[in-house]
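*Asks:*
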Amino acid sequence: MKVEEGDVILVKKLDRLGRDTADMIQLIKEFDAQGVAVRFIDDGISTDGDMGQMVVTILSAVAQAERRRILERTNEGRQEAKLKGIKFGRRRTVTGTSC
Numbered sequence: 004m005k006v007e008e009g010d011v012i013l014v015k016k017l018d019r020l021g022r023d024t025a026d027m028i029q030l031i032k033e034f035d036a037q038g039v040a041v042r043f044i045d046d047g048i049s050t051d052g053d054m055g056q057m058v059v060t061i062l063s064a065v066a067q068a069e070r071r072r073i074l075e076r077t078n079e080g081r082q083e084a085k086l087k088g089i090k091f092g093r094r095r096t097v098t099g100t101s102c
């Protein structure tokens, strides 16, 4: 996709623009250098101006921390389930023929 100066990129949510804070900041810097703003629809914020960029940076760091917490809790739950003998994945299928 090609962007031009004065364009505005609409993104549904802040955490959809990049994988982590550093990635988002880099993208926003690249867009800013091209004169392109990014607006986050659900979050009601934009990268217009210094204050907007600061808010985006802070919120993206919070979103990244939240993703890490979710991953930690998921992994803890998996480990606990394994200790209880719970199997993961689908059941093996048994057929009359061998491969």
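Numbering (my numbering), first residue to last: 4 to 102.
Using N, Cα and C, we set each Cβ at its ideal position, and we do this for glycine too.
So what does Arg42 bridge to, in DSSP terms?
*Replies:* Numbered from 1 along the sequence shown, position 39 holds the residue referred to as residue 42. Note: Arg42 sits in a beta bridge opposite Leu13, Ser49.
*Asks:* Can you find the residues in the same chain that come closer than 6 Å, C-beta to C-beta, to Gln142, ignoring five residues on each side of it along the sequence?
*Replies:* Since the first residue shown for the chain is 4 and the last is 102, residue 142 is missing from the structure and cannot be characterised.
*Asks:* Inspect the CB distances between the segment 7–18 and the segment 57–76 and report whether three or more fall short of 8 Å.
*Replies:* yes
*Asks:* Using a 10 Å radius around the Cβ and a threshold of 16 neighbouring Cβ atoms, would you call Phe43 buried or exposed?
*Replies:* Here the question's residue 43 lines up with position 40 in the sequence shown. Label assigned to Phe43: buried.
*Asks:* My assumption, with CB atoms under 8 Å, is that Val39 sits in contact with Val6. Please give the rounded CB distance.
*Replies:* Counting from one through the sequence shown, the residue named residue 39 turns up at place 36. Counting from one through the sequence shown, the residue named residue 6 turns up at place 3. That pair is a contact at about 5 Å.
*Asks:* Using only CA atoms, which one of Ile48, Gln82, Arg72 lies nearest to Leu13?
*Replies:* The residue given as residue 13 occupies position 10 in the sequence shown. Comparing Cα-Cα distances from Leu13 to each of Ile48, Gln82, Arg72, the minimum goes to Ile48.
*Asks:* Take Phe34 and list the residues in its own chain whose beta-carbon comes closer than 8 Å to its own, dropping the five residues that flank it on each side.
*Replies:* Indexing the sequence shown from 1 puts residue 34 at position 31. Excluding residues within five positions, the ones whose Cβ falls inside 8 Å are Val6, Ile12, Ala40, Val41, Thr50.
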